[in-house]
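The structure appears right after this line, and notes come after that.
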Amino acid sequence: MKHDQKSYTVDEALQKLMHYCAYRDRSQKEVENKLDEMRMIPEAKEKIIISLMQENFLNEERFARSFVRGKFRIKKWGRVKITQELKKKEISSPIIKLGLSEIKESDYIKTLYELAEKKEEKTTEPNSFKKKKKLADHLLRKGYESSLVFDCVNEIIE
1 MKHDQKSYTV DEALQKLMHY CAYRDRSQKE VENKLDEMRM IPEAKEKIII SLMQENFLNE
61 ERFARSFVRG KFRIKKWGRV KITQELKKKE ISSPIIKLGL SEIKESDYIK TLYELAEKKE
121 EKTTEPNSFK KKKKLADHLL RKGYESSLVF DCVNEIIE
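Mapping the sequence shown onto UniProt numbering, position 120 (from 1) lands on 120, and the numbers just tick up by one.
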């Protein structure tokens, strides 16, 4: 991947990053990576990040909340997987907790059971033990907590 070799003033970089953050919520890590690609010096990076925060273009809590909503609603990820992905983006634990509060418990359980029933219908495994394992593995990969997964699987497959 070839990076543009253009050099930016702080104002130009700030303008570019405002567009980058306005397009969709970004984590601070994503913004820092973008500034590194633009070869900005540490003092300029800090100045730009502070400006973006002051102007509310960069807001980790808002980023975490929208990330959680998207991954849960669209990809049907569980809290475990969402948490792991946010940690990779260097989001702090308190902010992750705030983000996860976007998921209503009733919706979470409903989604878990819908995923399980959909997978169970597609699984042709005749052995109920193996079928339970396949179903549980699928739900764990999606990032649901093992205690919820095992309750769900045991309820669906007698």
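For glycine and all other residues, C-beta sits at the position ideal for the given N, C-alpha and C.
| So which of Ile-91, Ile-157, Lys-97 has the shortest CA-CA distance to Glu-121? | Ile-157
| task | Helix, strand or coil for Thr-123, going by three-state DSSP, please let me know. | result | coil
| Closest residue to Ser-147 among Arg-79, Ser-7, Phe-57 (Cα-Cα distance) | Arg-79
| said: Let's test the definition: count the other Cβ atoms within 10 Å of the Cβ of Ile-91 and tell me whether it reaches 16, buried, or not, exposed. | reply: Answer is buried; the Cβ neighbour count reaches 16.
| request: Jot down the residue ranges of each uninterrupted alpha helix (DSSP H) in the segment 75–113, minimum 4 residues, whole runs only, in chain order. | output: 79–88, 93–100
| field | Rounded Cβ spacing between Val-31 and Ile-49 (contact assumed at less than 8 Å) | value | 6 Å
| task | Determine the closest residue to Lys-131 out of Tyr-144, Phe-150, Gly-143, with distance taken between C-alpha atoms. | result | Considering only alpha carbons, the answer is Phe-150.
| field | Where Ser-147 falls: helix, strand or coil (DSSP) | value | Look at Ser-147 here: in three-state DSSP terms it is helix.
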